[in-house]
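Scroll down for the structure; my scribbles are underneath it.
2 protein chains.
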Amino acid sequence: MRKKEEKKISIAVIRRLPRYFRYLSDLIKLDIKRISSKELSQRMGITASQIRQDLNCFGGFGQQGYGYNVELLYDEIGKILGIDKRFSCIIIGAGNMGNALANYQNFRNRGYDIVGIFDADPRKVGTVINDIKVYHIDDLESFVAKQHVDIAILTVPGSRVNEVASKVTALGIKGIWNFSPTDLKLGSDIVVENVHLSDSLMVLGYRLREKLNGSEQ
Amino acid sequence: MRKKEEKKISIAVIRRLPRYFRYLSDLIKLDIKRISSKELSQRMGITASQIRQDLNCFGGFGQQGYGYNVELLYDEIGKILGIDKRFSCIIIGAGNMGNALANYQNFRNRGYDIVGIFDADPRKVGTVINDIKVYHIDDLESFVAKQHVDIAILTVPGSRVNEVASKVTALGIKGIWNFSPTDLKLGSDIVVENVHLSDSLMVLGYRLREKLNGSEQ
DNA sequence: TTAGAATTGACAAAAAAATAACAAAATGTT
DNA sequence: AACATTTTGTTATTTTTTTGTCAATTCTAA
Ligand SMILES: NC(=O)c1ccc[n+]([C@@H]2O[C@H](COP(=O)([O-])OP(=O)(O)OC[C@H]3O[C@@H](n4cnc5c(N)ncnc54)[C@H](O)[C@@H]3O)[C@@H](O)[C@H]2O)c1
Ligand SMILES: NC(=O)c1ccc[n+]([C@@H]2O[C@H](COP(=O)([O-])OP(=O)(O)OC[C@H]3O[C@@H](n4cnc5c(N)ncnc54)[C@H](O)[C@@H]3O)[C@@H](O)[C@H]2O)c1
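Residue numbers (our numbering), protein chains in the order written: chain A, 187 to 403; chain B, 187 to 403.
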């Protein structure tokens with residue numbers, strides 16, 4: 187079981203890891219101790235080849251003739267995803283989406299602690315969401331000076347997000363989870379993950395219409 | 187300017203369309219009348235080749251020596267995405283995420299009308315979110331009998347989502363936008379678009395750690 | 001009006017990703 | 001203990017996606 191750190195691992199592989207992690211978690215709940223790539227592939231609806239190839243980017247976690255030990259593989263993928271490490275996060279924009287995210291408990295279970303919420307609206311400042319205080323955006327700098335922040339979760343309107351992102355990166359925050367429909371213009375030393383919900387819905391609409399029209403003919 | 191309906195268009199292309207649409211919308215706001223694939227590629231951070239190839243899946247919208255007419259291209263992509271058509275949607279699960287989505291105005295602008303919200307919790311039934319009534323999940327069948335529904339937006343806990351998805355598909359709803367972390371087991375005649383937010387956050391965490399560790403060495 | 005510049009659409013090439021194939025190793029059965 | 005079966009890790013092949021190239025066309029400026 188050796189690690190392979192030589193070659194750059196493609197983002198396509200990385201994006202599948204959380205899905206493996208979820209399925210393995212389910213197997214543990216079902217008290218299943220071992221699994222072959224073939225059976226997992228049937229459950230997940232992908233090819234066994236892909237599973238083996240993906241996992242082998244990080245090391246040989248399986249055993250010939252046996253398959254994979256579920257718990258061990260779960261732990262290994264957890265380690266790769268850094269479930270054991272903790273990230274300190276803030277939410278900027280205490281609106282609808284900011285509230286929903288602040289109230290979600292599961293991020294903490296995955297290692298992401300929300301330590302503060304920021305908003306420009308004075309009516310929101312001073313309130314508390316899920317035991318997390320809402321501060322004024324102008325207090326961000328002093329907050330970050332006192333407490334290290336890894337990730338800023340941006341749930342402000344699209345028209346404000348570039349200005350907010352600039353502030354955030356100027357303070358040395360290196361990770362941004364962007365919920366606004368606006369693409370961010372930032373340097374390459376910042377890691378940005380976008381959640382473009384409207385895009386996702388429009389793709390669903392396209393696929394749905396395609397399916398309905400296709401079956402019509 | 188002819189359409190090309192012969193070859194199946196890849197999902198990778200489809201997923202870029204909303205992004206083109208957004209950028210073109212911005213150009214219109216900036217009162218820019220024409221754009222070359224080269225300039226657009228610089229703004230978007232992708233290759234000009236890809237833009238031309240993507241657009242040519244649907245027809246030749248540009249003109250040699252001139253580029254693309256922004257407004258015309260915007261309209262064409264809008265047509266491809268079906269912005270002119272309307273979808274009738276329901277939200278199931280009036281919790282944090284259901285509330286956030288119900289309160290978002292922009293889905294309507296894109297052609298997605300939320301016509302009802304459903305929940306199993308009697309305390310939520312009878313309330314109104316953003317002028318949309320919350321019904322009991324048991325009333326879903328009679329609701330769908332009276333009013334056609336294209337898309338169900340599922341914001342129930344992962345442990346409940348498969349049972350809810352079964353109900354929904356049994357009633358003939360063909361599109362599902364799934365916000366739960368659970369993958370749905372459904373027939374191939376249902377179109378499912380997943381929004382796995384935790385997965386997205388974990389990918390951000392991975393990339394961030396990779397970047398930080400990389401720059402350390 | 002004409003020459004040179006710009007730019008597309010189509011096709012070719014390259015790169016990346018997914019799938020298949022298979023030798024090697026371990027399992028499990030008789 | 002022998003041997004057929006299972007299953008991995010790895011390499012090869014195929015498919016898909018992205019990028020590069022260029023003739024043909026249109027624009028534009030003089
Ligand atoms: N709610 C949804 O379901 C949904 C869906 C898709 C996309 N989005 C996107 O997510 C973002 C947030 O959406 P929302 O529905 O929560 O909006 P919202 O209006 O409810 O909340 C936005 C919040 O940001 C705050 N804000 C504005 N400017 C700020 C600034 N400069 N600094 C700090 N705070 C500031 C506002 O005071 C407000 O509280 C938007 O970009 C929206 O397009 C939301
Ligand atoms: N809130 C977030 O930021 C967030 C982030 C990531 C993922 N999610 C996922 O989105 C989903 C919703 O999250 P949430 O935070 O809104 O949860 P929530 O608990 O606030 O809301 C869930 C709602 O679903 C209702 N419900 C439960 N069973 C039902 C059933 N059988 N039929 C109809 N309604 C039912 C509940 O009464 C509740 O109102 C979950 O699957 C969660 O994992 C949420």
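Where is the CB? At the ideal position from N, CA and C, for every residue including glycine.
Closest by C-alpha distance to residue 227 (chain A), when choosing among A:215, A:369, A:253 and A:198: In the first sequence, counting from the first residue as 1, residue 227 (chain A) sits at position 41. Of the listed residues, the one whose Cα sits closest to residue 227 (chain A) is A:253.
Cutoff 8 Å: residue 262 (chain B) Cβ touching any chain A Cβ: Indexing the second sequence from 1 puts residue 262 (chain B) at position 76. Not one chain A Cβ lies under 8 Å of residue 262 (chain B).
Per-residue DSSP class, three states only, for residue 346 (chain B): One-based indexing of the second sequence puts residue 346 (chain B) at position 160. Three-state result, residue 346 (chain B): helix.
8 Å contact criterion, which residue 327 (chain B) and residue 357 (chain B) should meet: CB distance rounded: Position 141 of the second sequence, counted from the start, is the residue given in the question as residue 327 (chain B). Position 171 of the second sequence, counted from the start, is the residue given in the question as residue 357 (chain B). With a Cβ gap of about 6 Å, residue 327 (chain B) and residue 357 (chain B) count as contacting.
Proximity test, residue 390 (chain B) beta-carbon vs ligand 1 heavy atom, cut-off 7 Å: Taking the second sequence and counting its residues from 1, the one referred to as residue 390 (chain B) is at position 204. No, since every heavy atom of ligand 1 falls outside the 7 Å radius drawn around the Cβ of residue 390 (chain B).
Neighbourhood of residue 266 (chain A) by C-beta distance below 6 Å, restricted to the same chain and skipping five residues each side: The residue given as residue 266 (chain A) occupies position 80 in the first sequence. Cβ within range, chain order: 244.
Simplified DSSP assignment, three categories, for residue 251 (chain A): In the first sequence, counting from the first residue as 1, residue 251 (chain A) sits at position 65. In the structure shown, residue 251 (chain A) sits in coil (DSSP, three-state: anything other than H, G, I, E or B).
C-alpha distance - residue 361 (chain A) paired with residue 333 (chain B), whole-angstrom precision: Position 175 of the first sequence, counted from the first residue, corresponds to residue 361 (chain A). Position 147 of the second sequence, counted from the first residue, corresponds to residue 333 (chain B). So the two alpha carbons sit approximately 44 Å from each other.
3 or more residues per run - each beta strand (DSSP E) lying fully within the region 214 to 294 of chain B: 253 to 255 and 273 to 278
In DSSP terms, what residue 364 (chain A) is bridged to: The residue given as residue 364 (chain A) occupies position 178 in the first sequence. DSSP, once it has assigned bridges, lists A:340 and A:380 as partnering residue 364 (chain A).
Min CB distance residue 148 (chain B) to chain A below 8 Å: Outside the shown range of chain B, which is 187 to 403, sits residue 148 (chain B), and nothing can be said about it.
DSSP bridge partner residues for residue 299 (chain A) (one or two, in chain order): Within the first sequence, numbered from 1, the residue matching residue 299 (chain A) stands at position 113. Paired residue(s): A:274.
Beta-ladder partner(s) of residue 305 (chain B), from DSSP: For the purposes of this step, residue 305 (chain B) is taken as the residue at position 119 of the second sequence. The partner list for residue 305 (chain B) (beta bridge, DSSP) reads B:322.
Under 7 Å by beta carbon: chain A residues contacting residue 361 (chain B): Here residue 361 (chain B) refers to the residue found at position 175 of the second sequence. In chain order: 390 and 394.
Separation of residue 320 (chain A) from residue 305 (chain A), as counted between CA atoms: Numbered from 1 along the first sequence, position 119 holds the residue referred to as residue 305 (chain A). Numbered from 1 along the first sequence, position 134 holds the residue referred to as residue 320 (chain A). Rounded to whole angstroms, residue 305 (chain A) to residue 320 (chain A) spans 7 Å at the Cα level.
Local conformation of residue 311 (chain B) per DSSP, three classes: Sequence index remark: in the second sequence, residue 311 (chain B) carries index 125 (1-based). DSSP places residue 311 (chain B) in coil when its eight states are reduced to three.
Straight-line Cα distance separating residue 286 (chain A) from residue 316 (chain B): Start at 1 with the first residue of the second sequence, and residue 316 (chain B) comes out as number 130. Start at 1 with the first residue of the first sequence, and residue 286 (chain A) comes out as number 100. Rounded to whole angstroms, residue 316 (chain B) to residue 286 (chain A) spans 16 Å at the Cα level.
Secondary structure of residue 316 (chain A), DSSP reduced to three states: For this step, residue 316 (chain A) is matched to residue 130 along the first sequence. DSSP places residue 316 (chain A) in coil when its eight states are reduced to three.
Inter-residue spacing [alpha-carbon to alpha-carbon] between residue 292 (chain B) and residue 345 (chain A): As a first step, residue 292 (chain B) must be located in the second sequence, where it is residue number 106. As a first step, residue 345 (chain A) must be located in the first sequence, where it is residue number 159. Cα to Cα, residue 292 (chain B) sits roughly 14 Å from residue 345 (chain A).
Short CB-CB distance (under 8 Å) between residue 206 (chain B) and chain A: By 1-based counting over the second sequence, the position of residue 206 (chain B) is 20. Judged by the 8 Å Cβ criterion, residue 206 (chain B) is not in contact with chain A.
heavy atom of ligand 1 below 7 Å from residue 346 (chain A) C-beta: If you number the first sequence from 1, residue 346 (chain A) lands on position 160. Checking every heavy atom of ligand 1 against the Cβ of residue 346 (chain A), one is found closer than 7 Å.
Proximity test, residue 350 (chain A) beta-carbon vs ligand 1 heavy atom, cut-off 7 Å: What you label residue 350 (chain A) is simply residue 164 of the first sequence in a count that begins at 1. Checking the Cβ of residue 350 (chain A) against ligand 1 gives yes.
Heavy atom of ligand 2 within 7 Å of residue 340 (chain A) beta-carbon: For the purposes of this step, residue 340 (chain A) is identified with residue 154 of the first sequence, where counting begins at 1. Residue 340 (chain A): no, Cβ never under 7 Å from ligand 2.
Within-8 Å CB hit, residue 397 (chain B) to chain A: Against the second sequence, residue 397 (chain B) aligns to sequence position 211. Closer than 8 Å: yes.
7 Å CB neighbourhood of residue 324 (chain B) in its chain, flanking five on each side removed: Translated into the one-based positions of the second sequence, residue 324 (chain B) becomes position 138. Nothing meets the Cβ criterion.
Short CB-CB distance (under 8 Å) between residue 270 (chain B) and chain A: Taking the first residue of the second sequence as 1, we reach residue 270 (chain B) at position 84. Not closer than 8 Å to any Cβ of chain A, the Cβ of residue 270 (chain B) fails to qualify, so no.
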